[in-house]
Each structure stands twice: as structure tokens, then as C-alpha cells.
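Residue numbers (this note's numbering): 133 to 849.
Note that CB positions come from ideal geometry on N, CA and C, so glycine has one too.
Please read these numbers as outputs of a predicted model, since none were measured by experiment.
Taking it in order: structure first as C-alpha cells, then the write-up.
Shown next, in the form of C-alpha cells:
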């Protein structure tokens, strides 16, 4: 199906009727271990349980949808007995209050439901404005008791949405819980109702004992899942981030606010400064928020690039400072100063900078985080969890950015993962604006939260990504000028159910092995140059321990690494340039070696030699084989059949040499005669001072000589 405009290309290749060309040097074979397209598709989880026989086509039903301008959401909050642990209730109150006061837009319809042994509607859908925010904030519960009836809370949320009498499709429920459900109806009973009514449910798990079905509920309804597993380490701020990310999901992409920075800053001395770059596309409703620490003895000031200062307002109930600028006209580097009156204790402050785009038609750079899977049933060496971050400005990709994903484990530890857009390792295509990386540091079963920071510098720019066009790949086009920006994104969670004991990952599979040169030397020896990108010791981290290059004259035997076939392992004695010593992950590797005549006897007829590369780490764990590269040796001309140049043919003919000599002597004699006549003629001429013109006619003999010369050249062997 690579070229559907051609009528003969009408189906996917497979391994039976429509043969797959496993030897083609294309991305399909490199990325999918030479498997056919249909083999890859049919093994996908989307096709599980589907009958192999043809099915009858069902009638198509079309629905016309109109964009819902008004946001509608209901908070469904757990107030069971367990919410009294670790100050969770106070944390919930403050996080929900900040959501209502700082994030929810005017005009949004907001409802509030709590649940323990049963569910309670605290606020029906209420349009948020300057008057209702305070009453909604006052409705947030303080008490906690009873069991955990998540299903009842969800049904109450549906009731609140339906009470308006309008369509509830694409409405949002934000569900927060810290425990396992133990009262009917359960989530699995209510889930089909939510799916049928097309209500989106975002889930937030608080603590390590939260119901395991929360992520499945979010996935089934098209929502996102978040987790705060360690409440004692910046738990409130993480809870606020989750509420904020979930609450803005309904907004059109062109109107969604952009989070530039979200950092925990340790305070040092009297004043601690943070610098933030605000893009020219941003500046509408620009906000600087700082929370945590001893807010009563701290002052926060934002300073524009021109030096204008904006002092923050402090809210004691929410313990946060806030600078709000309706329309910031100054793009560039802003400064946030956090000043302390009593800098004796060690404190940290969470700083967040948020802005909306000035013009919907001039989009800013946006970050979007996703995974290849959000659930890992069993983490083992063959399990590869990948984190992706897409950086784009409209349709243009961001190239050369620096992206790091900070993963918080179920035990509260932080693991950084640097993501790359290099086309190797976890990344598929270089320069498409999708930055990729493996996560392999599985420490315990549970929920792993992911937050992303990205920034651009002088080496960062925009490109129009490469796109396939009727079988051909259009070249990426780069935009002029550097792209300076900062971005934060909350990627939510992925869940690991079980981990293999003593899990050790192998080096990443090499996918870009290729033959740079394959040639004969003067003495007939065959020389091959191979290149590839170095893998790590464990996937793409570190440096592998050992490299082996395997050669074979049978491609199929390399695919299955059949040791009974005629293999040859390239040794250090075969190498004429480069080395097989491992290099750091991501470094280009090139090695040139000879094909031993003892293994493949000299052969002047066309023949191919195939290669793969295997790597090992210091733990002795071997990678999967690389893609197969082929060296094509074309027919080598024999010395007797060597094509002679025109001069070699001339000097090889005796007759031709006689003719050339005669012509040379004749021309030389003619020149001498002309010079003599001219000199003596001038001395004796009575017409001194008068210019005379001599006209010579080419002799017929000269033409015959040239004709004979050409004839002999053509006869020369």
C-alpha cells in the first residue's frame, strides 16, 4: 500500500499470497525485523479476537457534531476515612480551591460531588464568575469518614451533568480517590454508562493504595490519568498540576494556556532569581505563581525585559503568590525574584509561569507527552516502554530542542530520561519533532508519573517535516533563525503490574546498519566499510561492552542466526580502518575490513555478502540482531579485457606511430620554409613598409595522411 495511486497496489504485503520483499533496504524491514506489513498489523492488540474470515460490512451511521463552546465539568472527590492520612484532606481542599480560583475560566459550568459510603451533591452545575467562585470554593468539604463508593460518586456526577437538560456529550468528570472501592456499584458497572453517554473521565490517584481500575476508566472514556504517590514530597503542587491539566483538556487547542515553567526552586540567601523566556506569541493573561515555603515572610516580584516590575499578591489561605498581567507586550527574558525576610531555614518554592496565546492564528510551540503503552503487565527484557514528547509550532516541527522527562517512581524517587529526535534508539524518524526515549529503571510495581521540561536555544529551529508523497519522501525544510522557548507538560502516569526479578535490559537493537562501500582492491581483495549508530549498554543508556560483526553468503541464515550455516565473524586481523571497540551510545561507528579469501574464495563474477551486528553489555546480555546489510560485488573486469584509453591505443599501434612521425616531420619542414621565405623576402623586397598577405592552400597529401591515421586508429586492438 506504499503507492495507492497505482491500481495494481491494492493490498498489504504478507508472507503467503502477496509476498513481502524482506530484502528491500527500507524502513519497514529495518524497524520491523523484516516482517511483512500484514504480519505487523495482525499482531497488534487492536486485532485481537477478530475472525480471520471476511465479515459483512455494517451500515455506516453519520453524526453531525457542533463544537461545544461552554465547558462543563464536575469534580467527584473522595472524602472517605483514609483521606485523613498524611494531611490528604487539607491538601485536597487547597488544591481544589486553587483550581477554582486560578484555573477555571469565567463562563464554565462547574459542579461538585463527594463520596464515601454514599455520594453527596454539594453543588449543581454553576456558571463560574466573580460572584460564584467564592461560593464554590466554600463548598469544598472539610470532613472525611466512611467507605469508598467510587461508582456512586460517578453516578452522582452523571446526575449533575444531566440536570441541565442539555447534551452532556464530551462533558468532563475529574475523579480523585485514594483508596480501593468497597461499595456497590463498582467502576466496571458504571464504566459502560459513561462510555455510552460519551463523558470523559480524568482520574487522579492519591497515595499508593488508590483503586487500580482508575487508569482503565480514564482510558475507556478518552480521559487522562494522574497520580500523586508520595504526598510528603511536594504533594500539594503535584495535586494542583494534575487538577490543572485535567481541567483545561476541554478547551480548543488554539486557546489552551501554555505552561512555560513549573519548577521547585530551593531558596538561597535573601533573594533567589529565576529567568523565564516568554515567546512573542505568548503574553495574554500571563501569570507568575509561587507557592510553598513560609509565604508570610516571602515576597515575589516579576520583572519584564525592560525592567518594569510587577509585585505579586499573596493569598494566605492558598499559600501562594500571584502576578497577573492581562496583556504582556514584552517578549523575551523575564526575571522572577523571590525575596525572604528571614533567610535562616531551608525552603523550596514551586514556581509556575503560564500564558495564553495572543493570536489563535499564530500558534506558539506546544508540547504533548504520550507513551507507547500506559500499562506494563510484566516488565522484562523484551518490554520496551517508550516516552514521547511532540514539540510543534502549528504544523512545523521543532528541531534541535533539549527535552528531559522526569519520572517519579511509586517509591517517590526521581529518574531523568533525556529524549532525542535523532532517528535512532527509541526514536523512529529524525527531525519530525517527536522526541523519544526508553524508560528501563523499573524499581517496583505501581504508578509512574511523568513530567516534561523542554527548551530551545541558539541551535533550535523549525522545520517542515518530511512527508511521503506518492511513494517518495519530501525533504524537510528548515526555517531561518533560532527558536528560544521553555515548556512544561504533565504527561500523566503509566502503570507497571509486575517486574521480573533481577531485570537487566540488553543493548538497543541496531537498526541503521549499512554498507558504505564495497570494492575490489588492486590485488583483487574485497574490502567492505560498515557504519551504524552505537547502542548503549542497557537499551540506549551507557556504553555496550562487546561488538561482533557476522558475515554470511546466505541472507536467510542471518535472519534466524542459524549457526549451522557458513558464518564468519570479522576479527581484528581483518580490519584495515577503524575498530570494533564500543563507543558511547549515539556515536557513529564505522569500520573497514577485508573479506578473507579463505572464507570466500576470490570470485570475479557478481556475488553478495550479508552482514549483521550483535552487541553485548557487561552483564553478558545480548542485543537482538541488527538489520541485515548487503555488500554487492559486481563483475570484476579481467586484466586482458581492460578497456584501453585512446592514447593507450595510439601508442600500441606501430603503423599509427609511423604516420604520426611523418606528419610531424612534414609540419616542421613547412614551418621552417615559411620562416626562411618570410625573413629573406623582407630583406629584398622593394615594398618596404607595406604589409603583404600570404594565402596558403592545404596540400592534398596532408588530407590523405590524416585519413590514413584515423583508419589505423580504428583498427588498433
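Asked                                                                                                                                                                             : Found
Given this structure, state the Cα-to-Cα distance separating residue 690 from residue 742, to the nearest angstrom.                                                               : 8 Å
Rounded to whole angstroms, what's the CA-CA distance from residue 795 to residue 655? Just pull it up for me.                                                                    : 41 Å
Can the beta-carbon of residue 759 be found closer than 8 Å to that of residue 162?                                                                                               : yes
Would you identify the three-state DSSP class for residue 347, choosing helix, strand or coil?                                                                                    : helix
What distance in whole Å lies between the Cβ atoms of residue 548 and residue 628, which are believed to be in contact at a cut-off of 8 Å?                                       : Going by Cβ atoms, the distance from residue 628 to residue 548 rounds to 18 Å, so no, they are not a contact pair.
Quick check on DSSP: helix, strand or coil for residue 138?                                                                                                                       : coil
Have a look at 144, 204, 224 and 711 and flag the residue whose alpha-carbon is nearest the alpha-carbon of residue 210.                                                          : 224
Can you tell me which of 294, 141, 763 and 277 puts its alpha carbon nearest to the alpha carbon of residue 256?                                                                  : 294
Looking only at its chain, what residues have a beta carbon closer than 7 Å to the beta carbon of residue 528, apart from the 5 residues adjacent to it on each side?             : 594, 595, 596 and 611
Could you spell out the range, first to last residue, of the beta strand (DSSP E) harbouring residue 174?                                                                         : No beta strand (DSSP E) holds residue 174; the alpha helix (DSSP H) holding it covers 169–174.
Could you please give me the residues that DSSP links to residue 534 through a beta bridge?                                                                                       : 587
Quick one: grab the DSSP three-state call for residue 375.                                                                                                                        : helix
Taking the alpha-carbon positions, what's the residue 806 to residue 657 distance?                                                                                                : 59 Å
For residue 75 and residue 288, I'd like the C-alpha separation in whole angstroms.                                                                                               : Since the first residue of the chain shown is 133 and the last is 849, residue 75 is not available in this structure.
Tell whether a beta-carbon distance below 8 Å holds between residue 306 and residue 336.                                                                                          : yes
Just the C-alpha distance for residue 359 and residue 685, rounded to the nearest angstrom, thanks.                                                                               : 54 Å
Pull up the distance between the alpha-carbon of residue 507 and that of residue 626, whole angstroms please.                                                                     : 6 Å
Just the Cα atoms here: how many angstroms apart are residue 260 and residue 478?                                                                                                 : 38 Å
Are the Cβ atoms of residue 240 and residue 203 separated by less than 8 Å?                                                                                                       : yes
Check residue 514 in the structure and name its three-state DSSP category.                                                                                                        : coil
Measure the C-alpha to C-alpha separation of residue 218 and residue 363 and round it to an integer number of angstroms.                                                          : 7 Å
Tell me whether the stretch 567–574 and the stretch 518–525 touch, counting them as touching only if at least three CB pairs, one residue from each stretch, are closer than 8 Å. : yes
What are the boundary residues of the beta strand (DSSP E) that residue 465 is part of?                                                                                           : 464–472
Beta strand (DSSP E) containing residue 320: first to last residue?                                                                                                               : Looking at the DSSP string, residue 320 is not in any beta strand (DSSP E); the run it does join, the alpha helix (DSSP H), is 319–328.
Could you compute how far the alpha carbon of residue 193 sits from the alpha carbon of residue 650?                                                                              : 58 Å
Throw me the rounded Cβ distance for the residue 393 and residue 620 pair, which I believe falls under 8 Å.                                                                       : 6 Å
Opposite residue 662 in the DSSP bridges: which residues?                                                                                                                         : 647 and 723
Would you mind working out which of 280, 330 and 309 sits nearest residue 317, comparing C-alpha positions?                                                                       : 280
Between the alpha carbons of residue 178 and residue 172, how many angstroms are there, rounded?                                                                                  : 11 Å
Contact check, residue 205 vs residue 304 under 8 Å by CB: the rounded distance?                                                                                                  : 4 Å
Are there 16 or more other CB atoms within 10 angstroms of the CB of residue 263, so buried, or fewer, so exposed?                                                                : exposed
Using a Cβ-Cβ cut-off of 7 Å (strictly less than) and excluding sequence neighbours within five positions of residue 292, which residues of its own chain qualify?                : 206, 243, 245, 253, 256 and 257
Give the secondary structure of residue 452 by DSSP, where H, G and I count as helix, E and B as strand, and everything else as coil.                                             : strand
Could you give the distance in angstroms between the alpha-carbon of residue 309 and the alpha-carbon of residue 338?                                                             : 6 Å
Measure how close the beta-carbons of residue 315 and residue 227 come, nearest whole angstrom, since I'm counting them as under 8 Å.                                             : At roughly 25 Å, the Cβ-Cβ gap does not stay under 8 Å, so residue 315 and residue 227 are not in contact.
Rounding to the nearest angstrom, what Cα-Cα distance links residue 666 and residue 552 in this structure?                                                                        : 14 Å
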